[in-house]
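Q:
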Amino acid sequence: MTDGERQAALQQIANEVRVCTGCRLHQQRTRSVPGEGNPDTEVVFVGEGPGFNEDREGRPFVGRAGALLVRLLASVGWRREDVFITNVVKCRPPENRDPMPDEIAACAPFLQRQLQVLDPALVVTLGRYSMATFVPDARISQAHGTMRPVDPATGAPDALAFAMYHPAAALRSTDIEQASVRDMAGVPLALLAARDRREQHAAEFAAAPAETAAPAEELAPAEELAPAEELAPAEELAPAEEPAPAPEPPAGNAPDAPAAYLPAAAPVADVPRAIPAIRAADAASAAPPAHAVLASLADAETPTDQLTLF
Ligand code: URA
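Numbering of the sequence shown is given in our numbering, commencing with residue 602 and proceeding in unit increments.
1. Classify residue 613: buried if its beta carbon has 16 or more other beta carbons within 10 angstroms, exposed otherwise.
2. Are there 16 or more other CB atoms within 10 angstroms of the CB of residue 744, so buried, or fewer, so exposed?
3. With contact counted as at least three CB pairs below 8 Å, one residue from each stretch, are the segment 701-720 and the segment 610-628 in contact?
4. Using 9 Å as the threshold, is the C-beta distance between residue 726 and residue 647 below it?
5. Measuring from each Cβ to the nearest heavy atom of the ligand URA, keep the ones under 7 Å and list them in chain order.
6. Should residue 924 be labelled buried (16 or more other beta-carbon atoms within 10 Å of its own) or exposed?
7. With DSSP as the reference, label residue 647 as helix, strand or coil.
8. Just to confirm the assignment: which complete alpha helix (DSSP H) runs, minimum length 4, are found wholly within the segment 660-698?
9. Assign residue 783 to one of three DSSP states: helix, strand, or coil.
10. For residue 669, which residues of its own chain have a beta-carbon under 7 Å away from its beta-carbon, when the five flanking residues on both sides are left out?
11. Give the range of the beta strand (DSSP E) segment to which residue 724 is assigned.
12. Report the rounded CA-to-CA distance for residue 632 versus residue 606, giving the unit in angstroms.
13. Please state whether DSSP places residue 762 in a helix, a strand or coil.
14. Around the C-beta of residue 775, are 16 or more other C-beta atoms found within 10 angstroms, so that it is buried, or is it exposed?
15. Under the three-state reduction of DSSP, which class applies to residue 748: helix, strand or coil?
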């Protein structure tokens, strides 16, 4: 998919979200909030649902929780316009209550389609409801700061999910705020791990047909090839890309952390697509003291004209 096609596909989804009446949340919304960011990014942040400010502006994470998210991103040298930010539900639950299962289900196809289009290497989940979409059966108190393979049924074809607390929870608790700074320091590492994994899958995929390919002289002449409409649907094509099983947690990791593992040291990599260069020294540095980091970062708002809005 070209950049232009990706942008057009995201725009189409956003247009549908804006007029959606698929669940009760549309009745009280001011504006729905499809999501925004870089259509060419490798990293998608998924929150829970719009709050008061997001409902008024039609943009995700523009209130106090959003300001903290921007500062957390800045602590690893990233900006919100480097990533894509969206939510599990696209309309504000009244009084900021938790989204209900039927509301999440009604909205799920939008997130699935966004992930299919973006094809991120890394999905960063913000809070319990987002985590439950990608890392079912985990407890956030154990899973935050860890990652595991994403089920392609979520829409992301080949991604790792990295769990974080919701920034709103970090605003309420100093402990969670500090944990969030430490967790965010692991996000660039998680991206490196996710890239490695995708490269490995691509290499496996490239190698597989060579083993089974018919010798050249047995290939059917072009006119005997099946017309395009008779080709097997994508999901029937070999090789089946099973998500890799989660590696064993390294020693010292919480023994009951379900199939999750902490990011291991990763090699320096040149950074394709839209993420700023990751330097191993930055990514692997010890967790910075939370308040030093947060206090030193300007509470900068991203100028809207630098964002791709959907
Ligand atoms: N909280 C969320 O989960 N999403 C937003 O967009 C804003 C606050």
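Glycine is no exception: its CB is placed at the ideal position from the N, C-alpha and C atoms.
The model shown is predicted, which means the values in this text are computed figures rather than measured ones.
A: According to the structure shown:
1. exposed
2. buried
3. yes
4. yes
5. 634, 648, 649, 650, 651, 652, 655, 661, 662, 664, 666, 667, 688, 727, 728, 767, 769
6. Any question about residue 924 goes unanswered here, given that the chain covers just 602 to 911.
7. strand
8. 665-676
9. helix
10. 768, 771, 772
11. 723-727
12. 25 Å
13. strand
14. exposed
15. strand
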